[in-house]
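J.: Please find one structure pasted underneath; my questions will follow.
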Amino acid sequence: AERQHIVRVLKETRGKISGPHGAAIRLGLKRTTLQSKMQRLGITRADYMGKQQ
408 AERQHIVRVL KETRGKISGP HGAAIRLGLK RTTLQSKMQR LGITRADYMG KQQ
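Under the working numbering, the final residue of the sequence shown carries the number 460; numbering is consecutive throughout.
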């Protein structure tokens, strides 16, 4: 469930992790904490990069 939630938010932010509109803020996490969770859960760039341009 946590993995799917993180991936969904990363898709919504088009892979942006940090910054005022990044996934970390939306998840209520520090950027480094989110990156650690992503590594632990095996989430890679391919999991969340949208095909939208």
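Just so it is clear, CB atoms sit at the ideal spot from N, CA and C, and this is done for glycine as well.
Model, not experiment: these values are computed from the prediction.
Would you kindly check if the distance between the Cβ of K444 and the Cβ of L436 is under 9 Å?
T.: Cβ distance < 9 Å, so L436 and K444 count as in contact.
J.: Taking H428 as part of the alpha helix (DSSP H), name the residues at either end of that continuous run.
T.: No alpha helix (DSSP H) contains H428, which DSSP labels as neither H nor E.
J.: Starting from A453, trace the alpha helix (DSSP H) in both directions and tell me its first and last residue.
T.: Note, A453: alpha helix (DSSP H), 452-455.
J.: Taking 9 Å as the cut-off, decide whether the C-beta atoms of H412 and L434 are in contact.
T.: Taking 9 Å as the Cβ cut-off, H412 and L434 qualify as a contacting pair.
J.: In angstroms, rounded to a whole number, what distance separates the CA positions of E409 and E419?
T.: Going by the C-alpha atoms only, they are around 15 Å apart.
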